[in-house]
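**Q** Residue numbers for the sequence shown follow this note's numbering, beginning at 1 and rising by one. Ideal placement from N, C-alpha and C gives every residue a C-beta, glycine not left out. Just dropping this structure here.
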Amino acid sequence: MFEDIQLICMSVRILRFWALLYDQNVKRYVCLGLASFHIFTQVVYMLTTDEGITGIIRNGYMLVLWINTVLRAYLLMQDQAGYVELIQSLTSAYYDLASDNDSYICGLLDDLNRQGMFMARGNLFFGLLTCMGFGLYPLSSSERVLPFGSRIPGLDEYATPYYQLWYVFQMLITPMGCCMYIPYTSLIVAFIMFGIVRCKALQHRLRLLAVRHPAGHRNSRCLSAEIADCIRSQQSIIEYVDKINLLTTMIFLFELLAFSALLCALLFMLIIVDSSSQLIIVCLYINMILAQILALYWYANELREQNLAVAEAAYETEWFTFDIPLQKNILFMMMRAQRPASIMLGNVRPITLELFQNLLNTTYTFFTVLKRVYG
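Written as structure tokens, this is what we have:
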């Protein structure tokens, strides 16, 4: 069961607690209902506010974050069977790898669990920092403001006691939103990390072929069976990555577009804020965006690279000394690996570090244009 796999255990348990995975109870309707109502009040506020550009940027950031949170939750509920199937696929493949009792593969799995647990805890830590930023922001203002700009039609939210009640509501709902948003990211990155380990395990098995079946002391039947098993493993990895793409590719596209605009706006906000406390809070917002994007793009890029490396491992099997039918099988593996299974962005292009660099370059370009215009 997934409970024994530290890589995904924490994320799945949190999502399960809020009934977004596996369980179906009133918790999911409570958290989604409260979050949706909160988004409604934010939209009303954005449409009616007369705040300056600083307030608009800050509240725009929060609105996009909450919309993305609720969107993720609805996708989890809508495609719950797909996510459960993906978790089962990961669990089955994990125990298959562990059952090999290979010291190299067991070491990979141990490192994977440590990294996955560290990532899940680190993401929650950054999320809590951001929650603290939301809560402390009103304390840094000289007038009454709320952590999230929101407005209920027909109610003065800044009058006592509505202001205090609404502040408490927003501070209670913020950790709830964090626990809906952060574990989803950690879970998807964990899926990608496990795909990387599967690729490394396949490379290891391919390199062992030349050791186990040296020329002159070769059992063609056993060698053929091992190569066929490697081919099935490669196909299983491709199908596994396709399942991830089916569930996530469009949400990744939405996040790229939204976070690019937000990052540009927040960078611009750095030059117009008028207090050190606001500067620190904006920096926390920027760090959260970069941490979320970089973790995803780093591991997605590594998955693509490790899929490409399967071709190199297949070439190192001394395939040219095999029988002709086996040579063809190895060549087919190399050809397929040169079209690596990748995490896709809107089914258009693979997610890589080059794409992340292009995102930063484009964001900085728009930021410099805004700076010149504002100056």
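Do you know whose CA, among Val197, Gly149, Gln235, lies nearest Val44's CA?
**A** Position 44 of the sequence shown holds residue 44. Of Val197, Gly149, Gln235, the residue nearest in Cα terms is Gly149.
**Q** Is it the case that the stretch 285-296 contacts the stretch 257-267, given that we only count it when at least three CB pairs across the two stretches are under 8 Å?
**A** Yes: the two stretches touch, three or more of their Cβ pairs being nearer than 8 Å.
**Q** Nearest-angstrom Cα distance between Asn101 and Gln306?
**A** Counting from one through the sequence shown, the residue named residue 101 turns up at place 101. Counting from one through the sequence shown, the residue named residue 306 turns up at place 306. For Asn101 and Gln306, the distance between alpha carbons rounds to 22 Å.
**Q** Who are Met344's beta bridge partners in DSSP?
**A** Position 344 of the sequence shown, counting from 1, holds the residue named residue 344. Pro350, per the DSSP bridge assignment.
**Q** Could you check the C-alpha separation between Ser89 and Leu359 for me, to the nearest Å?
**A** One-based indexing of the sequence shown puts residue 89 at position 89. One-based indexing of the sequence shown puts residue 359 at position 359. Answer to the nearest angstrom: the Cα atoms are 32 Å apart.
**Q** So, helix, strand or coil for Arg151, using DSSP?
**A** Counting from one through the sequence shown, the residue named residue 151 turns up at place 151. Three-state DSSP puts Arg151 in coil, outside helix and strand.
**Q** Would you call the stretch 268-287 and the stretch 112-125 touching, i.e. three or more CB-CB distances under 8 Å?
**A** They do not touch, by the three-pair rule.
**Q** Scan the stretch 291-316 and note each continuous beta strand (DSSP E) run of 3 residues or more that stays entirely inside, going in chain order.
**A** Runs found: none.
**Q** Does the Cβ-Cβ distance between Leu76 and Leu129 come in under 9 Å?
**A** By one-based count along the sequence shown, residue 76 stands at place 76. By one-based count along the sequence shown, residue 129 stands at place 129. In this structure, Leu129 does not lie closer than 9 Å to Leu76 by Cβ.
**Q** Give the secondary structure of Gln338 by DSSP, where H, G and I count as helix, E and B as strand, and everything else as coil.
**A** Counting from 1 along the sequence shown, the entry for residue 338 is found at position 338. Gln338: coil per DSSP, three-state reduction.
**Q** Is Glu255 closer than 9 Å to Asn301 when the C-beta atoms are compared?
**A** For this step, residue 301 is matched to residue 301 along the sequence shown. For this step, residue 255 is matched to residue 255 along the sequence shown. Contact: no.
**Q** Based on Cα-Cα distance, which residue from Leu247, Ile231, Asp242 lies nearest to Gln80?
**A** Locating residue 80 in the sequence shown gives position 80, counting from the first residue. Selected option, being the one with the closest Cα: Leu247.
**Q** Nearest by alpha-carbon distance to Asn219: which of Leu294, Gln78, Ala314, Asp323 is it?
**A** Locating residue 219 in the sequence shown gives position 219, where the first residue counts as 1. It is Asp323.
**Q** Going by CA-CA distance only, name the one from Leu345, Val348, Gly177, Arg212 that's closest to Asn68.
**A** What you label residue 68 is simply residue 68 of the sequence shown in a count that begins at 1. Of the listed residues, the one whose Cα sits closest to Asn68 is Gly177.
**Q** So, does the stretch 165-182 touch the stretch 205-215, judging by three or more C-beta pairs under 8 Å?
**A** Touching, no.
**Q** Tell me which same chain residues have a C-beta within less than 7 Å of the C-beta of Ala295, skipping the five on either side of it?
**A** Looking up residue 295 in the sequence shown gives position 295. Once the five neighbours on either side are set aside, the close Cβ partners of Ala295 are Met119, Val189.
**Q** Distance check for Val310 and Gly346, CA to CA, integer angstroms please.
**A** Your numbering for residue 346 matches position 346 in the sequence shown. Your numbering for residue 310 matches position 310 in the sequence shown. Cα to Cα, the separation comes out at about 25 Å.
**Q** What residues in its chain sit with their C-beta under 8 Å from that of Thr317, if we drop five residues either side in the sequence?
**A** Residue numbering aside, residue 317 sits at position 317 when the sequence shown is read from its first letter. Excluding sequence neighbours, Thr317 sits near Leu206, Arg207, Leu209, Ala210, Ile330.
**Q** Does DSSP put Asn218 in a helix, in a strand, or in coil?
**A** The residue given as residue 218 occupies position 218 in the sequence shown. The sequence as given places Arg at residue 218; Asn does not occur at that position. The answer is coil: DSSP assigns Arg218 none of H, G, I, E or B.
**Q** Buried or exposed, going by whether 16 or more other CB atoms sit within 10 Å of the CB of Tyr184?
**A** As a working mapping, residue 184 is identified with position 184 in the sequence shown. Classification for Tyr184: buried.
**Q** What do you reckon, are the CB atoms on Trp18 and His38 nearer than 9 Å?
**A** The residue given as residue 18 occupies position 18 in the sequence shown. The residue given as residue 38 occupies position 38 in the sequence shown. Contact: no.
**Q** Between which residues of its own chain and Met250 is the CB-CB distance below 7 Å, once the five residues before and five after are set aside?
**A** Locating residue 250 in the sequence shown gives position 250, counting from the first residue. Answer for Met250: Gly346, listed in chain order.
**Q** How long is the line joining the alpha carbons of Glu226 and Asp242, rounded to whole angstroms?
**A** In the sequence shown, residue 226 corresponds to position 226, counting from 1. In the sequence shown, residue 242 corresponds to position 242, counting from 1. Taking the straight line joining both Cα atoms gives about 24 Å.
**Q** Give, in chain order, every unbroken run of the beta strand (DSSP E) that is at least 3 residues long and sits entirely within the stretch 40-122.
**A** Here no run is fully enclosed.
**Q** Pick out whichever of Asn245, Ser186, Leu155 has its Cα sitting closest to the Cα of Met10.
**A** Position 10 of the sequence shown, counting from 1, holds the residue named residue 10. Taking only the C-alpha atoms, the option nearest Met10 is Ser186.
**Q** Using the beta-carbon count (16 or more within 10 Å), is Val26 buried or exposed?
**A** Within the sequence shown, residue 26 is the residue found at index 26, counting from 1. By the neighbour-count rule (16 or more Cβ atoms within 10 Å), Val26 is not buried but exposed.
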